[in-house]
Each structure stands twice: as C-alpha cells, then as structure tokens.
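Structure first, then comments.
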Amino acid sequence: MSEKEAKWYVAHTYSGHEKKVKANIEKIVENRGMEDVIHEVVVPTEEKVEVKDGKKKVKQKKIFPGYVIVKMIMNDESWYVVRNTRGVTGFVGPASKPVPLTDEEVRWMGIEDKTPSIDIEVGEAVKVTSGPFENFIGEVKGINNEKQTLRVSISMFGRETPVELEFTQVEKL
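Quick note on the UniProt record's numbering: the sequence shown kicks off at 1 and runs consecutively.
Written out as structure tokens, the structure is:
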C-alpha cells in the first residue's frame with residue numbers, strides 16, 4: 001500500500017461538513033507532524049455570481065458537495081488519519097483500497113493549476129485595473145503567491161495607504 005509519490009485521493013464526507021473536515025484533517029496533520037505524508041486538503045469550489053435585490057454577490061459554491069480531495073502518500077497511518085477524521089465516511093474506491101485520481105482527472109478538476117505566476121516583483125509600480133481602487137497607481141510591497149494577492153501602497157488623499165489586491169486586479173507599468 002505504500003508509495004513514494006503523493007497522489008490525490010477523494011474522501012467522502014457528510015454533506016455540508018466539507019470545510020470542517022478539511023480543517024480537522026489539517027489540524028491532525030499539524031499536531032502529529034505528518035506534513036511530509038499528507039500534503040494538502042482541498043474542497044473544490046467555483047465562484048458563482050448571484051443577483052439578489054439588484055445587487056451582485058460572488059459566492060463560493062462547492063463543485064463536489066460531500067467530498068474533499070486529499071493529496072497524500074498512501075500508507076496505513078495516513079489512511080487511518082483521514083478515514084477516522086470526524087465527518088469522513090470513507091474513501092472513494094473499493095472498501096479498503098482508495099483509488100488515486102488520474103493526472104487527467106486532477107487537471108479536469110482544476111485542483112493543481114490554481115497558482116498562476118505573476119511577472120511583478122516587490123518595489124515595482126503597478127496600476128489597479130479593477131475594484132474600488134481602479135486607476136490608482138501604487139508600489140508593490142509584498143506578494144503572497146498562495147493567496148494570489150499583492151500588498152500595494154497607493155497614494156490616497158496625500159497619504160500612502162496599504163491595500164491588498166488580487167493578481168487579476170493589477171497590471172505592471
């Protein structure tokens with residue numbers, strides 16, 4: 001059952017408990033120091049725009065309700081940890097042997113391609129292209145690739161104001 005390379009596995013959960021299960025698995029991994037075995041836990045979501053009372057709202061909607069995707073090296077201990085996390089009802093696959101997702105399934109689900117690179121560095125000037133600070137120009141003070149955000153200092157009312165912007169909201173000058 002043991003392999004060297006981490007693969008993506010699907011765990012079935014009670015519907016509506018996906019985020020709680022994700023948090024529980026991450027907490028157990030942290031407490032037991034298993035970061036080298038269980039790498040990542042994902043609840044696949046997509047943005048849906050809803051119009052309510054004439055106002056647009058962007059909501060995160062679960063693509064696969066009742067499932068969490070776990071990237072891990074499958075062994076007895078990692079199987080036990082995920083399988084016995086509160087809210088998990090089992091793995092997808094025959095009874096005791098979870099089946100990993102194929103590379104094609106992982107690409108199709110869009111799990112791993114969520115980290116776009118950005119050709120902007122700290123200290124460079126950027127123009128805000130959307131949002132409340134549209135058309136402002138600022139200097140990049142920090143980059144968070146994981147959250148896909150930039151910390152930008154813009155001049156507002158004669159003062160330098162730090163704002164957090166998404167990669168998609170800015171363009172390099």
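Ideal placement from N, C-alpha and C gives every residue a C-beta, glycine not left out.
For residue i, the three-state DSSP class (helix, strand or coil)
| i | result |
| --- | --- |
| residue 169 | helix |
| residue 144 | strand |
| residue 78 | helix |
| residue 134 | coil |
| residue 23 | helix |
| residue 159 | strand |
Within 9 Å, strictly: CB atoms of residue i and residue j
| i | j | result |
| --- | --- | --- |
| residue 110 | residue 11 | no |
| residue 62 | residue 45 | yes |
| residue 69 | residue 8 | yes |
| residue 166 | residue 148 | yes |
| residue 160 | residue 150 | no |
| residue 106 | residue 99 | no |
| residue 139 | residue 153 | yes |
Close Cβ partners of residue i (< 8 Å) along its chain, the five nearest in sequence each way excluded
| i | result |
| --- | --- |
| residue 173 | 124, 125, 126, 127 and 137 |
| residue 119 | 172 |
| residue 56 | 49 and 50 |
Outcome for residue i when other beta-carbon atoms lying within 10 angstroms are tallied against a minimum of 16
| i | result |
| --- | --- |
| residue 156 | exposed |
| residue 15 | exposed |
| residue 122 | exposed |
| residue 13 | buried |
| residue 97 | exposed |
| residue 145 | exposed |
| residue 18 | buried |
Sequence-distant residues of the same chain with beta carbon closer than 7 Å to residue i, five excluded per side
| i | result |
| --- | --- |
| residue 20 | 87 |
Whole-Å CB distance - residue i paired with residue j, under 8 Å assumed
| i | j | result |
| --- | --- | --- |
| residue 60 | residue 47 | 6 Å |
| residue 73 | residue 37 | 5 Å |
| residue 81 | residue 28 | 6 Å |
Beta-carbon proximity list for residue i, same chain, < 6 Å, skipping 5 on both sides
| i | result |
| --- | --- |
| residue 58 | 47 and 49 |
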